[in-house]
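Here the sequence shown stands for residues 1 to 213, numbered as in UniProt numbering.
Have a look at the structure below before the remarks.
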Amino acid sequence: MEVTQTNNICFYGECSYYCSTEHALCGKPDQIEGSLAAFLPDLSLAKRKTWRNPWRRSYHKRKKAEWEVDPDYCEEVKQTPPYDSGTRILDIMDMTVFDFLMGNMDRHHYETFEKFGNETFIIHLDNGRGIRKSTYLRLQLLAKEEYKLSLLMKESLLKDKIAPILYQPHLEAMDRRLRIVLKAVSDCIEKDGYDNVVENDFNTDVNTVATER
């Protein structure tokens, strides 16, 4: 913790990425707005397993990640456990869209509950190329004027005691990011066909979803 020349108190944590004086969090002068929400069982009751995100950033100014330069990377991931069975690969895609909409570009790892093996779900902690049909339909709905993502989010947050949590520019950014996601999916569908891009997760055996493609 340190005090800047403008008398603002700054601090940084201990971690593998961007935990340094160059990336400190600073108050004005000693107050900083933030939120923390965690509804998870204690580790003694439910152990968690940490996984490296296959689509993490390179964290290097001049070096790209493998998925950015290898066109076959996705196919290789889909043949590697735990992504070769169950819904894990689709869960990763959902999480990626979620991160992009809210501007979280730092998802280098993710966690699951150890007890359930691969029959589990991703725990969305530290929020700081196929897609489920149900997810795609929801995103299309949120792009419509009457169900606009920014408007629904704004209405939902109005009930919060510390509203407004997100300012208008942030809400509008979510709409822009949503359009980018839908455009990317549309381009993939045009190139490879709907059935090769959108996984039909309605009435589908979860154990075969990731391995059929």
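Backbone N, C-alpha and C fix where the C-beta goes; we use that ideal spot for every residue, glycine too.
Asked: Could you name the residues of the same chain whose beta carbon sits closer than 8 Å to that of Leu25, not counting the 5 residues immediately before and after it, in chain order?; Found: Cys10, Phe11, Tyr12, Ile32
Asked: Whose C-alpha, out of Cys15, Cys19, Lys191, Asp30, is nearest the C-alpha of Asn7?; Found: Asp30
Asked: In its own chain, which residues sit with a C-beta less than 8 Å from the C-beta of Thr120, not counting the 5 before and 5 after it?; Found: Thr112, Phe113
Asked: Is there contact here, the stretch 45-59 with the stretch 91-111, by at least three beta-carbon pairs under 8 Å?; Found: yes
Asked: Going by CA-CA distance only, name the one from Asn104, Lys47, Gly27 that's closest to Arg57.; Found: Asn104
Asked: Closest by CA to Pro164, which one among Leu151, Asp175, Arg176?; Found: Leu151
Asked: Check the C-beta distance from Lys148 over to Asp175 and give it rounded, since I have them as a contact under 8 Å.; Found: 7 Å
Asked: Thinking C-alpha only, which one of Lys159, Val77, Thr135 is nearest Val185?; Found: Thr135
Asked: Does any residue of chain C bring its CB to less than 8 Å from the CB of Gly13?; Found: Included in the structure is just one protein chain, with no chain C present.
Asked: Less than 7 Å between C-beta atoms, sequence neighbours within five positions excluded: which residues of the same chain meet that for Cys15?; Found: none
Asked: Report yes if the CB atom of Lys133 is closer than 8 Å to the CB atom of Asp201, and no otherwise.; Found: yes
Asked: Can you have a look at Gly130 and say buried or exposed, based on whether 16 or more other CB atoms are within 10 angstroms of its CB?; Found: Residue confidence is low: Gly130 scores 49 on pLDDT, short of 50, so the model does not pin down where it sits. No coordinate-derived value is stated.
Asked: Could you tell me how far apart the beta carbons of residue 218 and Leu137 are, in whole angstroms, since I believe they sit closer than 8 Å?; Found: Nothing about residue 218 can be read from this structure; the chain reaches only from 1 to 213.
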